[in-house]
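Input: a single structure, listed below in structure tokens.
There are 2 protein chains.
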Amino acid sequence: MPAAKKGDPVNFPSYPHEVLAVVLSVRDGSLCVLLWKRAQSPHRGRWALPGGGVEPVQRLREAITGHLAAKVDVRDVAHLEQLATHSAIDRDPRARVLATGYLGLVPSDVRPTLPSDTQWHPIDDLPRTAFDHHYFIEAAVARLRAKLSYTNIGFALAPVEFTIAELRDLFGAALGYELGATNLTRVLTRRHVIDPTERRATPGQSGGRPATVYTFVARELTVTDPFAVLRPPR
Amino acid sequence: MPAAKKGDPVNFPSYPHEVLAVVLSVRDGSLCVLLWKRAQSPHRGRWALPGGGVEPVQRLREAITGHLAAKVDVRDVAHLEQLATHSAIDRDPRARVLATGYLGLVPSDVRPTLPSDTQWHPIDDLPRTAFDHHYFIEAAVARLRAKLSYTNIGFALAPVEFTIAELRDLFGAALGYELGATNLTRVLTRRHVIDPTERRATPGQSGGRPATVYTFVARELTVTDPFAVLRPPR
DNA sequence: GATGTTTTCGCCTGGTAGTCGATAACTAGA
DNA sequence: TCTAGTTATCGACTACCAGGCGAAAACATC
Numbered sequence: 001m002p003a004a005k006k007g008d009p010v011n012f013p014s015y016p017h018e019v020l021a022v023v024l025s026v027r028d029g030s031l032c033v034l035l036w037k038r039a040q041s042p043h044r045g046r047w048a049l050p051g052g053g054v055e056p057v058q059r060l061r062e063a064i065t066g067h068l069a070a071k072v073d074v075r076d077v078a079h080l081e082q083l084a085t086h087s088a089i090d091r092d093p094r095a096r097v098l099a100t101g102y103l104g105l106v107p108s109d110v111r112p113t114l115p116s117d118t119q120w121h122p123i124d125d126l127p128r129t130a131f132d133h134h135y136f137i138e139a140a141v142a143r144l145r146a147k148l149s150y151t152n153i154g155f156a157l158a159p160v161e162f163t164i165a166e167l168r169d170l171f172g173a174a175l176g177y178e179l180g181a182t183n184l185t186r187v188l189t190r191r192h193v194i195d196p197t198e199r200r201a202t203p204g205q206s207g208g209r210p211a212t213v214y215t216f217v218a219r220e221l222t223v224t225d226p227f228a229v230l231r232p233p234r
Numbered sequence: 235m236p237a238a239k240k241g242d243p244v245n246f247p248s249y250p251h252e253v254l255a256v257v258l259s260v261r262d263g264s265l266c267v268l269l270w271k272r273a274q275s276p277h278r279g280r281w282a283l284p285g286g287g288v289e290p291v292q293r294l295r296e297a298i299t300g301h302l303a304a305k306v307d308v309r310d311v312a313h314l315e316q317l318a319t320h321s322a323i324d325r326d327p328r329a330r331v332l333a334t335g336y337l338g339l340v341p342s343d344v345r346p347t348l349p350s351d352t353q354w355h356p357i358d359d360l361p362r363t364a365f366d367h368h369y370f371i372e373a374a375v376a377r378l379r380a381k382l383s384y385t386n387i388g389f390a391l392a393p394v395e396f397t398i399a400e401l402r403d404l405f406g407a408a409l410g411y412e413l414g415a416t417n418l419t420r421v422l423t424r425r426h427v428i429d430p431t432e433r434r435a436t437p438g439q440s441g442g443r444p445a446t447v448y449t450f451v452a453r454e455l456t457v458t459d460p461f462a463v464l465r466p467p468r
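So the sequences go chain by chain: A and B.
Using this note's numbering, the first residue of the first sequence is number 1, and each one after it goes up by one.
Using this note's numbering, the first residue of the second sequence is number 235, and each one after it goes up by one.
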């Protein structure tokens, strides 16, 4: 029997496949998602996630990076990870399209120049979105909020250098509730997620003690806490 | 402008899409995965995950359920959840095929009758597997082990009724290390994951105090611990 | 200096994981 | 019935961590 080779038949049905990115960032104290306004039918006038098809030479991650480049400078996207693949039969009215979602994060201090059809929208004040894109947004926000607690994913939301007060506000906006600076500092330093530097921030108009400047230890995703329970014996 | 309708063009390239299931279960004290031996090229003679194509009327979950039915009684699969979608260009030598993985769990007390080409294989003694299936297996095992700590996913690995000793051995096999019965009981009961019943198990040959029979409170996935850190204020 | 503002540190509390030894509840056999 | 062996369960103890609060530090302005 000859070895299988390129061109031999595969009996699997084919479907158009698209990738969609939920790009999240904290803007002016609110967690926001990047959306663009559709000018074409279907769902003309509604707001949609960046994304599109997958070229034959591209992996999914390369495809979403390419589509993102049309909306933002992809070097500003500090973290990108896959979410779920959705397969509802008529999620697109034209044909059956499978869609794989991605979560992208942009630090709060970078201000990418956006095309005129593209804007940041606060998570808790979303407009009508196209297709089933709200499912992807919900999943992305849930994933981010969970990972803020047990990974160092904050590095992708924060500037390279920051004070604890800034980080407290950033985490507060991302999580949707306020938290104390004392405990935040202690948790993140004990887990070696952030480190203090020698530098101090210059106080604002009204004075006050100058804050220590912190940085994230690593700038790629690492899990910090092995879930705390049912640990292996010493 | 007319509204978009079925049959309108979508500019997304199409790809054959397959679904693959990593079915895990504890058999004779070892965490095992369900594999079948390929009789056809490519990868003839190697062991592969159950799976196959997606019919036009099926969602991904329905498709994997259908393919699983050829190997096990799907009613024995107590839990099924999506893993990642893989897109390496030549993960299949015949053509470009996208693949979405699923994690399935079978309780340790059910003994599905398997086709002659299908067997359980211990996780730490795997044969050569076909295609990129080992990536799916690794991801599935990691997902299971993580979720054992912060969800009630154990319900899908355990019998409906069980003793703490049985559960300790079950978790030990799934996690890959032994753990203490005292702490396991305390953690799972405080989180309302398991509940004691009035019934007692009958001691074995060698006697001993009869063990309390426990059950899982819920039989669908619930997250028990909101990750313990950076909680909202009271 | 005096006052106001902001950050940071130390102390306290409560809750949870993990371990170990004592006790309970059975079987089998003398 | 009593004793020894076996297994399960409970209580006590330790260690660690999250979370909160107030005091003190370190700046600003006046």
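All C-beta atoms in this analysis are idealised placements derived from N, C-alpha and C, irrespective of residue type, glycine included.
Only a predicted model underlies this, so the values are computations on that prediction, with no experimental measurement involved.
Checklist entry - At what residues does the beta strand (DSSP E) containing B/Ile428 begin and finish? => result Ile428 to Arg434
Checklist entry - Quick one: Cα of B/Val290 to Cα of A/Arg143, how far? => result The sequence given here places Pro at residue 290 of chain B; Val does not occur at that position. Between B/Pro290 and A/Arg143, the C-alpha separation is close to 30 angstroms.
Checklist entry - Is the Cβ of A/Glu18 closer than 7 angstroms to any Cβ of chain B? => result yes
Next on the checklist: Can you tell me whether A/Ala156 is helix, strand or coil according to DSSP?
Outcome noted: helix
Checklist entry - Leaving out the 5 sequence neighbours to the left and right, which residues in its chain are closer than 7 angstroms to B/Leu464 when beta-carbon positions are compared? => result none
Item to check | Residue-chain proximity (B/Leu265, chain A), Cβ-Cβ < 7 angstroms | outcome: no
Next on the checklist: Give me the subset of the region 106-121 of chain A whose CB atoms are less than 8 angstroms from a CB atom of chain B, sorted by chain position.
Outcome noted: none
Checklist entry - Quick one: what does DSSP say B/Glu400 is sitting in, helix, strand or coil? => result helix
Item to check | Nearest-angstrom Cα separation, counted from B/Val244 out to A/Arg94 | outcome: 7 angstroms
Checklist entry - Assuming A/Gly53 and A/Glu18 make a contact with CB atoms under 8 angstroms, what is their CB distance in whole Å? => result 6 angstroms
Checklist entry - What is the rounded straight-line gap between the Cα of A/Glu220 and the Cα of B/Gly441? => result 55 angstroms
Item to check | Contact belief for B/Ala408 with B/Arg443 at Cβ below 8 angstroms, rounded distance in angstroms | outcome: That pair is no contact at about 26 angstroms.
Checklist entry - If we ignore side chains and look at the alpha-carbon of each, how far apart do B/Val267 and B/Leu302 end up? => result 13 angstroms
Item to check | Closer than 6 angstroms: B/Arg433 CB and nearest the ligand NAP heavy atom | outcome: For the ligand NAP, the structure offers nothing, since it holds no ligand at all.
Next on the checklist: If you reduce the DSSP assignment to three classes, tell me which class A/Ser14 lands in.
Outcome noted: strand
Checklist entry - Run through DSSP, which three-state label would B/Phe450 get? => result strand
Next on the checklist: Taking 7 angstroms as the threshold (beta carbon to beta carbon), is B/Val244 in contact with chain A?
Outcome noted: yes
Checklist entry - From the beta carbon of B/Pro247, is the nearest beta carbon of chain A less than 7 angstroms away? => result yes
Item to check | Delimiting residues of the beta strand (DSSP E) encompassing A/Ala242 | outcome: Because residue 242 of chain A is not part of the residues shown, which for chain A are 1 to 234, the question remains open.
Item to check | Segment contact, 8 angstroms Cβ cut-off, at least three pairs: the region 35-42 of chain A with the region 72-80 of chain A | outcome: no
Item to check | Within-7 angstroms CB hit, B/Gly287 to chain A | outcome: yes
Checklist entry - Hey, does A/Thr241 have any beta-carbon neighbour from chain B nearer than 7 angstroms? => result The requested residue 241 of chain A does not occur in the structure, where chain A is confined to residues 1 to 234.
Item to check | Three-state secondary structure assigned by DSSP to A/Leu148 | outcome: helix
Checklist entry - Contact between the region 340-348 of chain B and the region 252-261 of chain B: three or more CB pairs below 8 angstroms? => result yes
Item to check | Pair within 7 angstroms by beta-carbon distance, A/Leu12 and B/Pro250 | outcome: As written in the sequence, residue 12 of chain A is Phe, which differs from the Leu given in the question. Yes, the pair counts as a contact, with Cβ atoms nearer than the cut-off.
Next on the checklist: Below 8 angstroms on C-beta distance, what does A/Ala88 contact in chain B?
Outcome noted: Arg293
Item to check | Alpha-carbon to alpha-carbon, A/Glu161 and B/Gly338 | outcome: 43 angstroms
Checklist entry - Residues in its own chain within less than 8 angstroms of A/Thr197 by CB, not counting five upstream and five downstream? => result Glu161, Thr212, Val213, Tyr214 and Thr215
Item to check | Same chain, Cβ closer than 7 angstroms to A/Ala181, neighbours up to 5 away in sequence not counted | outcome: Ile164, Ala165 and Arg168
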